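Asker: Protein chains in written order, with my numbering: chain A, 115 to 485; chain B, 115 to 485.
Backbone N, C-alpha and C fix where the C-beta goes; we use that ideal spot for every residue, glycine too.
Since the structure is predicted, the reported quantities are computational estimates derived from the model, not experimental observations.
Number of protein chains: 2
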Amino acid sequence: MDDRIREHAETLVGWSARVEEGDDVLISVGEGAHELGVAVAERLGDRGANVVSLYGSPELSRAYLRAHDGEFETDPEFELALYERADSVLSLRGSRNASARADVPGEIRREYATAREGIREAHTNTDWVSTIHPTRAMAQQAGMSYAAYREFVYDAILRDWKQLAEEMDRLKTLLDEASTARVVAGGAGTDLSFSLEDRRAVNSAASVAYDSHNLPSGEVFTAPRDATGEITFDVPMTIRGARVRNARLELVDGVVVDWAAELGEEGLTEIVETDDGARRFGEFGVGMNRGIDRVTDQILFDEKMAGTVHFALGRAYDACLPEGESGNDSAVHVDLIADMRGGDTKLEIDGETVQRGGYFRWEDGFEGAED
Amino acid sequence: MDDRIREHAETLVGWSARVEEGDDVLISVGEGAHELGVAVAERLGDRGANVVSLYGSPELSRAYLRAHDGEFETDPEFELALYERADSVLSLRGSRNASARADVPGEIRREYATAREGIREAHTNTDWVSTIHPTRAMAQQAGMSYAAYREFVYDAILRDWKQLAEEMDRLKTLLDEASTARVVAGGAGTDLSFSLEDRRAVNSAASVAYDSHNLPSGEVFTAPRDATGEITFDVPMTIRGARVRNARLELVDGVVVDWAAELGEEGLTEIVETDDGARRFGEFGVGMNRGIDRVTDQILFDEKMAGTVHFALGRAYDACLPEGESGNDSAVHVDLIADMRGGDTKLEIDGETVQRGGYFRWEDGFEGAED
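1) Can you list, in chain order, the residues of the segment 179 to 192 of chain B whose Cβ is nearer than 9 Å to any Cβ on chain A?
2) Classify B/Ser309 as helix, strand or coil using the three-state DSSP reduction.
3) Under 7 Å, CB to CB, which of the residues in the segment 194 to 213 of chain B have a partner in chain A?
4) Can you look up B/Thr294 in the DSSP assignment and give me helix, strand or coil?
5) For a minimum of 4 consecutive residues, which ranges assigned as the alpha helix (DSSP H) are wholly contained in the segment 338 to 394 of chain A?
6) Give the straight-line distance between the Cα atoms of A/Leu204 and B/Gly401, rounded to the nearest whole angstrom.
7) Name the one or two DSSP bridge partners that A/Leu126 has.
8) With a threshold of 7 Å between beta carbons, is A/Gly151 in contact with chain B?
9) For B/Asn164, which residues in chain A fall below 9 Å Cβ to Cβ?
10) Buried or exposed for A/Lys276, please, with buried defined as at least 16 other CB atoms from any protein chain shown within 10 angstroms of its CB.
11) If we ignore side chains and look at the alpha-carbon of each, how far apart do A/Phe347 and A/Gly355 end up?
12) In terms of alpha-carbon separation, which member of A/Val243, A/Val386, A/Ser444, A/Arg393 lies closest to A/Leu414?
13) Express the C-alpha separation of B/Asp217 and A/Cys434 in angstroms, rounding to a whole number.
14) Out of B/Pro350, B/Gly465, B/Ala261, which has the shortest C-alpha to C-alpha gap to B/Asp416?
15) Roughly how many angstroms separate the alpha carbons of A/Glu379 and A/Asp372, rounded to a whole number?
16) Does the CB of B/Val127 have a neighbour CB from chain A at under 7 Å?
17) So B/Glu173 contacts chain A; which residues on that side make the cut at Cβ distance below 7 Å?
18) What's the gap between the Cα of B/Ile233 and the Cα of A/Gly170?
19) On the three-state DSSP scale, how would you describe B/Phe425?
20) Considering only their Cβ atoms, is the gap separating B/Ile451 from B/Thr410 smaller than 7 Å?
21) Closer than 6 Å by C-beta to A/Asn442: which residues in its own chain qualify, once you throw out the five before and the five after it? Chain order, please.
22) Using a threshold of 7 Å, state whether the C-beta atoms of B/Ala320 and A/Ala155 are closer than that.
23) Under a Cβ-count criterion, where at least 16 other Cβ atoms within 10 Å of its own Cβ denotes burial, should B/Asn317 be classed as buried or exposed?
24) With burial defined as no fewer than 16 other Cβ atoms inside 10 Å of the residue's Cβ, what is the status of B/Pro436: buried or exposed?
25) Starting from A/Ile222, trace the beta strand (DSSP E) both ways and give me its first and last residue.
26) At what residues does the alpha helix (DSSP H) containing B/Asp267 begin and finish?
27) List the residues of chain A that B/Leu306 touches, going by C-beta distances under 9 Å, in chain order.
28) Can you look up B/Ile463 in the DSSP assignment and give me helix, strand or coil?
29) Quickly, what does DSSP pair B/Gln469 with across the bridge? List them, please.
30) For chain B, find out if any of its Cβ atoms is closer than 7 Å to the Cβ of A/Ala155; answer yes or no.
31) Could you tell me the boundaries of the beta strand (DSSP E) in which B/Glu333 lies?
32) Ordered along the chain, which non-local residues of its own chain (more than five positions away) have a Cβ less than 7 Å from that of A/Gly301?
33) Any chance the segment 158 to 170 of chain A sits against the segment 218 to 225 of chain A, with 3 or more Cβ pairs inside 8 Å?
34) What residues in its chain sit with their C-beta under 7 Å from that of A/Met282, if we drop five residues either side in the sequence?
35) At 9 Å on the CB atoms, spell out the chain A contacts of B/Tyr169, in chain order.
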């Protein structure tokens with residue numbers, strides 16, 4: 115077995131999920147994630163945890179859903195009991211075909227999801243972590259060879275997470291204490307300001323100890339208020355199966371008043387017009403994972419890329435809001451990403467430039483970048 | 115997908131497990147059983163059952179067990195809760211390597227099994243069925259090409275089970291009402307008599323409706339008493355990894371008093387000397403599955419082969435005993451098989467010949483066979 119798979123498993127079990135002796139750990143093994151499953155099982159045995167292995171197969175799921183009449187029982191008791199008693203749930207994704215469930219009718223998916231809200235809540239209440247094992251199908255989706263894709267994935271996953279968490283904590287502190295922030299990218303015509311009053315940032319350091327549930331991670335995010343200005347999202351991505359290029363939004367007092375895109379404008383319109391909350395930003399995030407150095411059109415990686423920022427149209431995360439306050443609500447949460455790795459970009463917090471050309475002021479590249 | 119896989123799934127879900135709408139069904143998908151898993155998921159969706167899919171991977175299990183210090187928690191709560199609430203457990207075995215767990219120390223296996231007695235009991239209390247999906251590894255074990263092995267497996271599984279159950283019921287009735295039985299095979303020097311007083315036969319028709327939990331099945335078995343005589347088991351088999359050929363036993367008043375084997379005598383001795391119960395027969399079974407027409411050294415198939423009988427050294431099944439009575443007890447239950455497909459063989463019940471040359475008296479071949 116590739117040593118990196120063993121290191122991945124140890125990072126997942128040790129750093130991310132913080133599994134301890136006697137923990138009841140549910141692992142879900144994707145169709146293409148067998149090798150990671152073996153490595154994780156070994157780490158869990160070594161720690162003296164208890165394990166139940168689920169088969170996370172989109173093909174089984176597709177067959178089941180398509181054959182079902184759609185009247186799903188609410189939270190089947192045996193499955194709910196399993197999730198309610200689990201301490202951790204580790205999802206090892208590893209797709210053999212990203213489109214495996216493409217022909218499951220949307221209505222059936224929705225009915226199924228609706229019937230499982232209790233199970234989803236029980237899942238969320240565990241120390242859950244989702245990670246991915248690189249497969250050929252995912253390499254294909256990223257337009258990369260399998261060998262290169264694996265290099266890419268392990269560069270993103272096998273970080274010095276403790277050190278990165280400390281660095282991200284510096285930005286979190288700045289955002290927590292900030293009244294306002296501003297994102298500027300001259301070449302892209304971006305100049306957007308927003309308030310951060312009463313907002314709390316999350317240090318997403320790929321560990322349940324940081325309320326962070328994805329491996330890899332590596333971003334700091336918060337919930338912006340009253341965004342005003344213009345921004346171009348120049349990182350290409352696929353949203354709901356459609357390619358989107360250079361989506362451009364204009365906001366006034368927190369509301370999107372105009373939008374356009376070089377490609378995929380129709381899909382963008384559909385998203386913005388979902389509901390009132392979809393016209394507002396629910397998230398402002400800053401990618402800080404230097405292991406991610408290229409766009410792969412996989413949101414799990416792209417939004418963590420060091421030197422990018424992202425805003426999400428729609429739902430805000432409760433973790434960013436004062437206790438008891440509900441933030442922007444919407445049926446959607448769609449991330450859009452802007453590249454800040456350039457000569458004329460900056461992130462200002464309370465009027466001070468904290469990032470320039472994609473480098474923070476505590477990084478070597480900062481001084482060299484143009485102001 | 116091969117139509118036979120779909121038929122297999124329908125036989126499993128419909129005939130064997132009798133799954134109904136709203137049932138909580140746990141399926142365990144072996145490493146090589148993905149396709150059968152997909153077909154079974156489809157059938158379960160069609161019936162409106164609820165499904166949780168486990169990953170039945172010997173490689174994950176091996177990695178976990180080898181890394182563990184051996185002090186296993188007794189019946190981990192989350193797993194016990196799952197099995198206690200399941201209506202059915204369908205195990206879809208499909209080995210990619212029959213020796214995948216060969217290097218797990220025996221002591222660790224025993225500790226693990228001992229710690230899971232409650233889970234095993236909960237499993238046994240469900241409508242559980244175990245079946246196999248043919249793989250290349252299993253074809254190799256049987257010494258057959260993959261195509262031929264699949265033909266063989268589906269011939270064994272895709273029977274007219276209703277009709278076979280009716281036929282087997284005829285033999286069950288004869289055995290239930292019998293005082294004595296006798297097995298004779300002149301060429302092999304076999305002449306063994308035994309009592310069936312107070313014994314009840316099981317019609318193992320591959321369905322929970324018949325207290326039968328394997329697909330394929332196709333045998334009628336009971337618990338013999340006071341066997342006396344000699345018998346040669348001429349169906350070659352592998353027991354505990356060692357080849358056994360022509361094991362020959364002599365019994366007096368139910369106890370093995372002498373034994374020998376052309377090959378594997380040492381292993382046979384080890385079995386016979388396990389404990390007092392291992393010197394007695396716990397089971398007499400009659401294979402009645404005409405889809406199984408060759409020996410593959412896989413006990414699930416071999417002991418069901420029409421025209422064979424088998425006796426097991428060791429433990430008897432409670433289902434064959436009067437309520438409250440405990441039959442032969444032992445730490446072992448080792449099946450040995452004798453071929454009755456020959457000119458000079460017969461099975462007598464209360465002095466009447468009911469099978470001759472491998473054919474029952476209600477079958478066409480019976481009259482043609484020599485008496």
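Answerer: Straight from the coordinates:
1) Hits within the stretch, in order: Leu179, Arg180, Ala181, His182, Asp183, Glu185, Phe186, Glu187, Pro190, Glu191, Phe192.
2) Within the second sequence, the letter at position 195 stands for residue 309 of chain B. Note: B/Ser309 maps to strand in three-state DSSP.
3) Under the 7 Å Cβ criterion, the segment 194 to 213 of chain B contributes Ala195, Leu196, Arg199, Ala200.
4) Taking the second sequence and counting its residues from 1, the one referred to as residue 294 of chain B is at position 180. Strand at B/Thr294.
5) 379 to 386
6) As a position in the first sequence, residue 204 of chain A is number 90, starting the count at 1. As a position in the second sequence, residue 401 of chain B is number 287, starting the count at 1. Near 45 Å, if we compare the C-alpha coordinates of B/Gly401 and A/Leu204.
7) For this step, residue 126 of chain A is matched to residue 12 along the first sequence. DSSP, once it has assigned bridges, lists no residue as partnering A/Leu126.
8) Taking the first residue of the first sequence as 1, we reach residue 151 of chain A at position 37. Interface residue, yes.
9) For the purposes of this step, residue 164 of chain B is taken as residue 50 along the second sequence, with counting starting at 1. Near B/Asn164 (Cβ distances below 9 Å), the residues of chain A are Phe186, Glu187, Pro190, Glu191, Phe192, Glu193.
10) Residue numbering aside, residue 276 of chain A sits at position 162 when the first sequence is read from its first letter. Classification for A/Lys276: exposed.
11) Stepping through the first sequence from its first residue, residue 347 of chain A is reached at position 233. Stepping through the first sequence from its first residue, residue 355 of chain A is reached at position 241. Rounded to whole angstroms, A/Phe347 to A/Gly355 spans 18 Å at the Cα level.
12) Within the first sequence, residue 414 of chain A is the residue found at index 300, counting from 1. Of A/Val243, A/Val386, A/Ser444, A/Arg393, the residue nearest in Cα terms is A/Val243.
13) Position 320 of the first sequence holds residue 434 of chain A. Position 103 of the second sequence holds residue 217 of chain B. In a straight line, the C-alpha of A/Cys434 is about 50 Å away from that of B/Asp217.
14) If you number the second sequence from 1, residue 416 of chain B lands on position 302. The residue with the shortest Cα to Cα distance from B/Asp416 is B/Pro350.
15) Counting from 1 along the first sequence, the entry for residue 379 of chain A is found at position 265. Counting from 1 along the first sequence, the entry for residue 372 of chain A is found at position 258. Roughly 12 Å between the two C-alpha positions.
16) As a first step, residue 127 of chain B must be located in the second sequence, where it is residue number 13. B/Val127 does not count as touching chain A.
17) If you number the second sequence from 1, residue 173 of chain B lands on position 59. Result: Val152.
18) On the second sequence, residue 233 of chain B is found 119 positions in, with the first residue counted as 1. On the first sequence, residue 170 of chain A is found 56 positions in, with the first residue counted as 1. So the two alpha carbons sit approximately 22 Å from each other.
19) For the purposes of this step, residue 425 of chain B is taken as the residue at position 311 of the second sequence. DSSP places B/Phe425 in strand when its eight states are reduced to three.
20) In the second sequence, the residue the question calls residue 410 of chain B occupies position 296. In the second sequence, the residue the question calls residue 451 of chain B occupies position 337. Not a contact, by the Cβ cut-off of 7 Å.
21) Taking the first residue of the first sequence as 1, we reach residue 442 of chain A at position 328. These residues qualify, in order along the chain: Gly391, Arg394, Gly396, Ala430.
22) Within the second sequence, numbered from 1, the residue matching residue 320 of chain B stands at position 206. Within the first sequence, numbered from 1, the residue matching residue 155 of chain A stands at position 41. No, Cβ-Cβ distance for B/Ala320 and A/Ala155 is not below 7 Å.
23) Stepping through the second sequence from its first residue, residue 317 of chain B is reached at position 203. Under a 10 Å Cβ-count criterion, B/Asn317 is classified as buried, with 16 or more other Cβ atoms of the shown protein chains found around its own Cβ.
24) Along the second sequence, one-based indexing puts residue 436 of chain B at 322. Exposed, because fewer than 16 other Cβ atoms sit within 10 Å of the Cβ of B/Pro436.
25) As a position in the first sequence, residue 222 of chain A is number 108, starting the count at 1. Not the beta strand (DSSP E): A/Ile222 falls in the alpha helix (DSSP H), residues 220 to 229.
26) What you label residue 267 of chain B is simply residue 153 of the second sequence in a count that begins at 1. Note on residue identity: the sequence assigns Val, not Asp, to residue 267 of chain B. 260 to 271 is the span of the alpha helix (DSSP H), which, as asked, contains B/Val267.
27) Residue 306 of chain B sits at position 192 when you count from the first residue of the second sequence. Residues of chain A whose Cβ lies closer than 9 Å to the Cβ of B/Leu306 do not exist; the shortest such Cβ separation is about 46 Å.
28) Looking up residue 463 of chain B in the second sequence gives position 349. Of the three classes helix, strand and coil, the one that applies to B/Ile463 here is strand, per DSSP.
29) Position 355 of the second sequence holds residue 469 of chain B. The secondary-structure analysis by DSSP pairs B/Gln469 across a beta bridge with B/Leu461, B/Phe474.
30) Mapped onto the first sequence, residue 155 of chain A falls at position 41. Closer than 7 Å to some Cβ of chain B, the Cβ of A/Ala155 qualifies, so yes.
31) Stepping through the second sequence from its first residue, residue 333 of chain B is reached at position 219. Note, B/Glu333: beta strand (DSSP E), 333 to 336.
32) Against the first sequence, residue 301 of chain A aligns to sequence position 187. So the qualifying residues of the chain are Gly456, Asp458.
33) no
34) For the purposes of this step, residue 282 of chain A is taken as residue 168 along the first sequence, with counting starting at 1. Contacts found: Asn317, Ala319, Val334, Met402.
35) Along the second sequence, one-based indexing puts residue 169 of chain B at 55. In chain order: Ile141, Ser142, Val143, His148, Gly151, Ser167, Leu168, Tyr169, Gly170, Ser171.
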